[in-house]
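Okay, structure first, notes after.
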Amino acid sequence: MNDLPFWKSKTLAEMTAPEWESLCDGCGLCCLNKLEEWDSGDIYFTSVSCKLLDGESCRCSSYENRWDFVPDCVQLTKENVPDIAWLPPTCGYRLINEGRDLYWWHPLVSGDPETVHAAGISARGRTISETEIDIEDLEDYVVDWPLTVGEEKDEEEA
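As structure tokens, this is what we get:
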């Protein structure tokens, strides 16, 4: 009998739908608006969140119906995760796809959905909704913290 948790014993492609959904740590970072530089293809995160992101829970306020309100919302799939370069470095989907383990604060490891926030990994308290800004000013909100969250924790664990 295999005593390993599913994320250590299965590939993304082998996971059931509930297992797949549970890989989301609830950080909300993928729901931040991003800018792409046309010439280089570089992606820049902003502190501006999708209008559907609940800033407290860091979850989508209308997950099942999100495309009704945000037609260009990107759905992560087993097929497209390897191709999405903007997934945050702490993202469970990215980590498992790269053959790495989940961090201690991931709800599947800790058993508590609040640890992602307590560890300072999430977008909680760091964003402004896209409904509150002029979208033409989006470049004024470029930030690097979505790409650096967890670095202090990595250094402490090393």
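Those letters in the sequence shown? Residues 1 to 158, by this note's numbering.
We treat Cβ as the ideally placed atom computed from N, Cα and C, and that holds for glycine.
Since the structure is predicted, the reported quantities are computational estimates derived from the model, not experimental observations.
In the three-state DSSP reduction, Thr16 falls in the coil class, being neither helix nor strand. By a beta-carbon distance limit of 8 Å, Ser49 contacts Cys31. Their separation comes to about 6 Å. Between Ile128 and Ser9, the gap from beta carbon to beta carbon reaches 8 Å or more. Contact annotation, Phe6 with Val143: C-beta distance approximately 33 Å; criterion of less than 8 Å not satisfied. Shown here, Arg59 sits in a strand according to DSSP, grouped into three states. Within 10 angstroms of the beta-carbon of Arg100 lie fewer than 16 other beta-carbons, which makes it exposed.
Looking at the DSSP output, Ser40 bridges to nothing. Separation of Val81 and Ala118 (C-alpha to C-alpha, rounded to the nearest whole angstrom) is 26 Å.
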